[in-house]
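Q:
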Amino acid sequence: MPSSLSLILASCVLWLPFRASTAPTWPSAFDELEDIMFLNTGYRARAFSGPVTPCGSSADGAGRNAAAEWLRSAFHDASPGSAVGVNKGIGGMDASLMFELTGVFGADNVGAAFNSTLVHLAPFLSSRSSIADLLSLGVYTAVRACGGPIVQIRTGRIDATAHGPSGVPQPQNSIDTFRNQFQRMGFATDAAMIQLVVCGHSLGGVHSVDFPLIVKAGTYPGDVQTFDSTTGAYDEKIAVEYTTGTSKDPLLSGNCHASGRCSDQVIFGADNNVTIKQMADPGTYRSTCATVLQQLIEIVPTGVALTDPITVYEVKPVDLQLAISGDGTSLIFSGEIRILTTTAPFDQISTVQLAYNDRSGAACSGCTINTAFTGAATGFDNTFAFYGFSAQIPASSSISSFRVIVTFSNGGNHINNNNGLGFPVQDTVLYQRAQSCVSGTPDSSGNLALTITAAVLTTASSPTPSLNLTIPVTRLPVPVPSLTFKSVSMTSNSTIGPYLIFSATYAIPAAQRNSVRLDINGATQSITFQGLDYLSATCGSFVTNISSSSLSSSISSASSGISSYLNTSSMPSTTLASTSAVFNKSTTSSSPIATYSAALNLSTAIYSSVFSSTISPSSSGLASLSGLTSSAIPASSSVAVATATSATSSASPSSTAYTYLGCFVDSASNRSIVGDYSGDSAQTIEKCSTYCSSFALFGLEYGAECYCGSTNTGSPARSGDCSMPCGGEVEETCGNGNRLSVYKNALYVPKVNPTIAGYQYAGCFTDPLNPRALAGASTASNTMTPETCAAFCGPGPTYFGMEYGRECYCGASLAAASTQAPESDCSMSCSGNQTNLCGSGSRLSLYERPTTAGGYRYTGCYSDTVSNRVLQGSYTGGNTMTHEVCEQFCSSSSFTYYGLEYAAECYCGNSFANPTTIEPDTDCNMACVANVSETCGAGNRLSMFELIDAVIPTTPVNPTIPGYTYAGCYPDSAGSRLLNATFYYDSSAMTVESCAEFCESYNYFGTEYGQECYCANSFAYTTSIAAESDCDFKCAGAGELCGAGNRLSLYSKQ
């Protein structure tokens, strides 16, 4: 009879939705950076992109653009380097910037941007991710976060230990100096120099505090003059506006002329505008920028050998752990498998299994391990799903490698064997995580006691391992720590089965607990790059002295009992050797700590119970496992699910801060409480209550997970189902697998949109960033409230709104691309008042001035001149002038517009008779002569009002296009276009109709990101439809839907 593995291999003949490409081989030198690069949000997310998302903003203050700062920091680090000539290999991308922020070198690196960037990068520093590599990765991240092209990233850069050469290009340089500097960097021609500068200046601008000779203080919002009009997008607009004469680039015009600092004008015109005109084309801009930015970050010192570009794994093992259990006759193999679901969507995956080879390298019958979904993550261009497992393997045969078998819903299978090598697992040196720990309380020196336990095969050539620690050490004033390396001797204290047990203790700084990495090095095998995240404060103990006969009997009876209890017919009744434990995890959680702590505790609980000499066979098999309960199991799974609980746990300790509501059903795919999430291996009810203090409800699940929200959609479950002890307090219970212990926050005060004098609340609105919903002044504060935002905006603007809890925006009008969103989207508390609402990410809590009695609304401050009046319909003036007087005068003749100027003048008109521009609201600063609480324009400035019928934009729709059928919202990515025949961009006038006309000779067309149009006769690859709500961007030129970021509003020809 063929083995089950043989049948699996034989069935792998159907079409598979994985891409055919050369994948990296695991493990790789860039594994850490690959995670940082691709896991932006969701489960196990590294969140490296957080500071530059959304594009155009910064948590470091109003007027700051973190993406621009990251891009500029890379340029300042690399640009003094030499890629050619006699000094080739001196300087370049080496992180010497961190030593060049003060003193003589500080003159080359003016401003807070560089220090802020390095502070953001510092937490990601490790022995596998240098600051130089992180600065390079920051270029990719900043550009992609703003919708720009993919910049290839190669790794291997080495951090400098001191400052490098000087030579950052400065705005006052002559064209000859610029040419010399860029040629030294390897940009040999004027065209290459222009390309790099125009690609670097798509984002950000010039701050008056840093360059007062270029930007005069008080002349621009936030004292920042931007390079182009699309501050929240990486695009060709800087070139377009230069070639059309509409640019306000501070390095092209204005004060830069008087100070001789118009560097963009000098550089862009170096070849008589030939290159800059070419760069105005969207396709040329994107492809060229991807090339020149990569060239910039690959200027490296002599001795640096860069790797091949980082590419995403289709299948990647995560946190594999092999440890001895019990008396050493068995091993526990656990971890997760990360599956790329970009081209193999999650909903098409039926099962993920591991088929492993024993120690000798031979495949064995029944050596398969099942997994269960634990979470999902996303990057800029990719999606991922994680599948966890924990299996018991006989130590006598052990494991040497495995393959991953993905079975799809269409019946096809895909086997990933790591480019023919298998995914290696060594069993010579084992890290005993359960028997390792780090103390929870620092000693008098501020240190924690770290104890690490390892097991080494007695047959190893040199069985004594060493513990090697990598510890970050602060080195002020440098904003990035240095890495110190400590080697600690390990001593043997016992033998369990075929393994010698070693341990070592070392004092680590408490402040660096989460940054320490450890290696356990044997003579030929090692355990490397392990963090301390999963270690508890107390080291666990081994369970020993159990005979093999009692072990076999115990496993048999316990396994049989669990199988009967779960009604899982495919569960083996005589062995747990090929069985995995399922650990469910939220798809929205970014922290795997809770999962792994639960997994480790679960494995220990199961095996400790099974190996206990007090276990005796029973009819139910559960009396001897008094704490084991089940969690939900997919019907197709042969996976055992169990959790260890305490008989003395209390479901709901008394408190005045919260009230227990009961046990409720939950699932990872459809959370019962949605709003916020926290994972903590030391979770308690009080911790969760505190974390969720701004929500009406909170719930605890799986011992470590905390969910916050305003509603609970879960159905009631048996009270006994919520029986798992909390990770931080075993006397309390924190739900269970797919079970929530739900509480009401007794101290919760509902968040509201307060009444603001002179304004009415308009609703929750999207802020598309390109352009901003409100384009006037802006600020940010840790004491933000609607009242302080209204006061900041003053009496002029029609609108003001709060975003992201601490940001305030003002504007005379609302951008057409901004649409009303569900009120639930604006859920963040104001930083200055937790009971008030202040928008959310890319969402504005919007207030507007109500229309006047006559139906007019303020539209902004407009320029005017005596010789060319803007409004020429009628005029009045005098010492009784107020808004009401002027409105009554103009409305009596049904004029569309009225405007007030110079405190006492009133003008009317049905249209603008002469050209005018909207100016900062602060320009219209003269009080009306008869009402000093109102402003009536200023010299050559009109406070303009317009008669309007509707003020709130309607929700955009998918229009009917003759000859086409709307097919739905589809996933797309910049690196792999679904419709790849042809395209065009129109950032100001894109409509679905114009895209249909452009693509009329093709079977499919689709709009994306509000301004992009793509065509093709067929899909470039198989994909599945996305949620319709994903396509929520308004077309730049109409009130229609035009996809979203990485989402196509797609139409097919009838």
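Per mature numbering (1 follows the signal peptide of the UniProt record, and there is no 0), the sequence shown runs over residues -22 to -1, 1 to 1032. C-beta: ideal position from N, C-alpha, C; glycine also. Note that the structure is predicted; figures quoted are calculated from it, not measured.
Under 8 Å by Cβ, that's how I've got A891 and G855 pegged, so tell me the actual separation to the nearest angstrom.
A: Here the question's residue 891 lines up with position 913 in the sequence shown. Here the question's residue 855 lines up with position 877 in the sequence shown. Their Cβ separation, rounded to whole angstroms, is 18 Å, which puts A891 and G855 out of contact at 8 Å.
Q: With H, G and I counted as helix, E and B as strand and the rest as coil, what does DSSP make of V293?
A: Numbered from 1 along the sequence shown, position 315 holds the residue referred to as residue 293. In this structure, V293 counts as strand in the three-state DSSP scheme.
Q: With a threshold of 16 other CB atoms inside 10 Å of the CB of residue 1079, please say whether the residue is buried or exposed.
A: Outside the displayed span of the chain (-22 to 1032) sits residue 1079, for which this structure offers no information.
Q: Here's the rule I'm using: 16 or more other beta-carbon atoms within 10 Å means buried, otherwise exposed. How should S538 be labelled?
A: Here residue 538 refers to the residue found at position 560 when the sequence shown is read from its first residue. Model confidence at S538 stands at a pLDDT of 31, short of 50, so the residue's coordinates are unreliable; what they give is reported in the following sentence. Burial call: buried.
Q: Kindly indicate which residue of N918, Y880, D899, Q503 has the alpha-carbon position closest to the one of C906.
A: As a working mapping, residue 906 is identified with position 928 in the sequence shown. Per the Cα distances, Y880.
Q: First and last residue of the alpha helix (DSSP H) that includes P487?
A: If you number the sequence shown from 1, residue 487 lands on position 509. No alpha helix (DSSP H) contains P487, which is instead part of the beta strand (DSSP E) from 477 to 487.
Q: Using the rule of at least 16 other Cβ atoms within 10 Å of the residue's Cβ for burial, across every protein chain shown, is F463 buried or exposed?
A: Translated into the one-based positions of the sequence shown, residue 463 becomes position 485. It is exposed - the Cβ of F463 has fewer than 16 other Cβ atoms within 10 Å.
Q: For S444, does the three-state DSSP call read helix, strand or coil?
A: Here residue 444 refers to the residue found at position 466 when the sequence shown is read from its first residue. DSSP places S444 in strand when its eight states are reduced to three.
Q: Roughly how many whole angstroms lie between the Cα atoms of L725 and A799?
A: The residue labelled residue 725 in the question sits at position 747 within the sequence shown. The residue labelled residue 799 in the question sits at position 821 within the sequence shown. Cα to Cα, the separation comes out at about 29 Å.
Q: Within the stretch 22 to 80, note down every full alpha helix (DSSP H) run reaching 4 residues or more, in order along the chain.
A: Qualifying alpha helix (DSSP H) stretches, in chain order: 44 to 56.
Q: Using C-beta distances below 7 Å, list every residue in its chain close to D803, excluding the 5 sequence neighbours before and after it, in chain order.
A: Your numbering for residue 803 matches position 825 in the sequence shown. Same-chain partners within the cutoff: C742, S818, R821.
Q: In the DSSP assignment, what residue or residues form a beta bridge with A355?
A: One-based indexing of the sequence shown puts residue 355 at position 377. Bridge partners of A355: G20, F362.
Q: With which residues is R1025 paired in a DSSP beta bridge?
A: Walking along the sequence shown from the start, residue 1025 turns up at place 1047. R1025 is bridged to P949, A1022.
Q: What is the DSSP secondary structure of F983, reduced to helix, strand or coil?
A: As a first step, residue 983 must be located in the sequence shown, where it is residue number 1005. Strand at F983.
Q: If you draw a straight line from the C-alpha of A635 to the C-alpha of S672, how long is it?
A: For the purposes of this step, residue 635 is identified with residue 657 of the sequence shown, where counting begins at 1. For the purposes of this step, residue 672 is identified with residue 694 of the sequence shown, where counting begins at 1. Each residue's alpha carbon lies about 12 Å from the other.
Q: Just to confirm before moving on: does the CB-CB distance between S378 and G339 stay below 8 Å?
A: In the sequence shown, residue 378 corresponds to position 400, counting from 1. In the sequence shown, residue 339 corresponds to position 361, counting from 1. For S378 and G339, yes; Cβs fall inside 8 Å.
Q: For R696, count neighbouring Cβ atoms within 10 angstroms of its own Cβ and tell me buried if that reaches 16, exposed if not.
A: The sequence position of residue 696 within the sequence shown is 718, counting from 1. Classification for R696: exposed.
Q: Please list the terminal residues of the continuous alpha helix (DSSP H) segment that includes M922.
A: Residue mapping note: residue 922 aligns to position 944 of the sequence shown, counting from 1. Per DSSP, M922 belongs to no alpha helix (DSSP H); it is in the beta strand (DSSP E), 919 to 925.
Q: Which two residues bound the contiguous alpha helix (DSSP H) that contains C177?
A: What you label residue 177 is simply residue 199 of the sequence shown in a count that begins at 1. Per DSSP, C177 belongs to the alpha helix (DSSP H) from 168 to 178.
Q: Given this structure, state the Cα-to-Cα distance separating E10 from T516, to the nearest angstrom.
A: Position 32 of the sequence shown, counted from the first residue, corresponds to residue 10. Position 538 of the sequence shown, counted from the first residue, corresponds to residue 516. Their backbone Cα atoms lie some 28 Å apart in a straight line.
Q: How would you write the range of the alpha helix (DSSP H) that S869 sits in, first residue to last?
A: The residue given as residue 869 occupies position 891 in the sequence shown. Its alpha helix (DSSP H) spans residues 861 to 869.
Q: On the criterion of 16 or more Cβ atoms from any shown chain inside 10 Å, does N723 qualify as buried, or is it exposed?
A: Locating residue 723 in the sequence shown gives position 745, where the first residue counts as 1. With 16 or more Cβ atoms within 10 Å of its Cβ, N723 is classed as buried.
Q: For the beta strand (DSSP E) containing Q738, list its first residue and its last residue.
A: Along the sequence shown, read from residue 1 onward, the residue named residue 738 stands at position 760. Residues 738 to 744.
Q: Please report the Cβ distance between G142 and S57, rounded to the nearest whole angstrom; I am assuming they are in contact, meaning their Cβ atoms lie under 8 Å.
A: Numbered from 1 along the sequence shown, position 164 holds the residue referred to as residue 142. Numbered from 1 along the sequence shown, position 79 holds the residue referred to as residue 57. 10 Å between Cβ atoms; not a contact.
Q: Among the candidates T167, F676, S465, I474, whose CA atom is the shortest distance from the CA of T307?
A: Translated into the one-based positions of the sequence shown, residue 307 becomes position 329. Checking every option, the nearest Cα to that of T307 belongs to I474.
Q: Does the distance from the C-beta atom of T431 to that of S414 stay below 8 Å?
A: To locate residue 431, count along the sequence shown from 1; it is residue 453. To locate residue 414, count along the sequence shown from 1; it is residue 436. Yes, Cβ-Cβ distance for T431 and S414 is below 8 Å.
Q: Excluding the five sequence neighbours on either side, which residues of its own chain have a C-beta within less than 8 Å of the C-beta of T3, listed in chain order?
A: As a position in the sequence shown, residue 3 is number 25, starting the count at 1. If we look at T3 and ignore the five residues flanking it on each side, its Cβ neighbours are N396, N397, L399.
Q: Who are the near neighbours of F92 in its chain, counting only those whose CB is closer than 7 Å to its CB and skipping five residues on each side?
A: Along the sequence shown, one-based indexing puts residue 92 at 114. Answer for F92: S51, H54, L75, L79, listed in chain order.
Q: Reducing DSSP to helix, strand and coil, say where S796 ends up.
A: Within the sequence shown, residue 796 is the residue found at index 818, counting from 1. Of the three classes helix, strand and coil, the one that applies to S796 here is coil, per DSSP.
Q: What's the call for A355, buried or exposed, on a 16-neighbour Cβ count within 10 Å?
A: As a working mapping, residue 355 is identified with position 377 in the sequence shown. Label assigned to A355: buried.
Q: Give me the Cα-Cα distance between N251 and P228, rounded to the nearest whole angstrom.
A: Along the sequence shown, one-based indexing puts residue 251 at 273. Along the sequence shown, one-based indexing puts residue 228 at 250. One C-alpha to the other measures close to 18 Å.
Q: Comparing alpha-carbon positions, which option in L96, V175, Q370, T469 lies nearest L454?
A: As a position in the sequence shown, residue 454 is number 476, starting the count at 1. Answer by Cα proximity: L96.
Q: What residues are listed by DSSP as bridge partners for N760?
A: For the purposes of this step, residue 760 is taken as the residue at position 782 of the sequence shown. The partner list for N760 (beta bridge, DSSP) is empty, contrary to what the question assumes.
Q: Hey, how far is the Cα of S265 from the Cα of T224?
A: As a first step, residue 265 must be located in the sequence shown, where it is residue number 287. As a first step, residue 224 must be located in the sequence shown, where it is residue number 246. The alpha-carbon atoms of S265 and T224 are separated by roughly 24 Å.
Q: Name the DSSP beta bridge partners of S303, please?
A: Walking along the sequence shown from the start, residue 303 turns up at place 325. DSSP, once it has assigned bridges, lists S308 as partnering S303.
Q: Taking its Cβ as the centre, do 16 or more other Cβ atoms sit within 10 Å of S911, making it buried, or is it exposed?
A: If you number the sequence shown from 1, residue 911 lands on position 933. Classification for S911: exposed.
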